[in-house]
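A short write-up of the structure that comes next.
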Amino acid sequence: MAINPAQFDAVVDALRRVLPCERPADAVLSAYFRDMRKLGAQDRHLIAETIFAVLRRRAFLTALTAPSATPRRLVIASLIKVRGLNV
């Protein structure tokens, strides 16, 4: 499965909203998807799966991207190490 630049940017944007961990991730993603109505079902699926993969393996991905574990780097690390994509 390939990821296009718009999908990548959407995943990074969604992760930026989720990472402060002020609210449950599923509630933040639901609000994000309501705000971003242009996203299709496949886009929403990719975003949700990637966000939850980052959250499940956050310690591992943070160690991989140290010292600067930005949302962008966490998404790249997740896509490569967890999902096996070639980005």
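If you count the sequence shown from 1, you need to add 20 to reach our numbering. From the three backbone atoms N, C-alpha and C, an ideal C-beta is built for every residue, glycine too. All values derive from a computational prediction rather than experimental measurement.
Close-in-space but distant-in-sequence residues of the same chain around residue i (CB under 6 Å, 5 per side omitted)
{"i": "residue 64", "result": "53"}
{"i": "residue 105", "result": "99"}
{"i": "residue 82", "result": "89"}
Residues near residue i by beta carbon distance below 7 Å, same chain, minus five either side
{"i": "residue 80", "result": "none"}
Boundaries of the alpha helix (DSSP H) in which residue i is found, first to last residue
{"i": "residue 82", "result": "78-85"}
{"i": "residue 23", "result": "Where residue 23 is concerned, there is no enclosing alpha helix (DSSP H), given that its DSSP letter is neither H nor E."}
{"i": "residue 92", "result": "91-97"}
{"i": "residue 54", "result": "45-55"}
Option nearest residue i by Cα separation, candidates the options
{"i": "residue 56", "options": "92, 71, 101 and 30", "result": "30"}
{"i": "residue 28", "options": "47, 59, 44 and 46", "result": "59"}
{"i": "residue 103", "options": "70, 89 and 24", "result": "70"}
{"i": "residue 23", "options": "34, 62 and 101", "result": "62"}
Nearest-angstrom Cβ-Cβ length linking residue i and residue j, presumed shorter than 8 Å
{"i": "residue 98", "j": "residue 73", "result": "5 Å"}
{"i": "residue 91", "j": "residue 49", "result": "The Cβ separation is near 14 Å, so there is no contact."}
{"i": "residue 95", "j": "residue 32", "result": "5 Å"}
{"i": "residue 45", "j": "residue 75", "result": "6 Å"}
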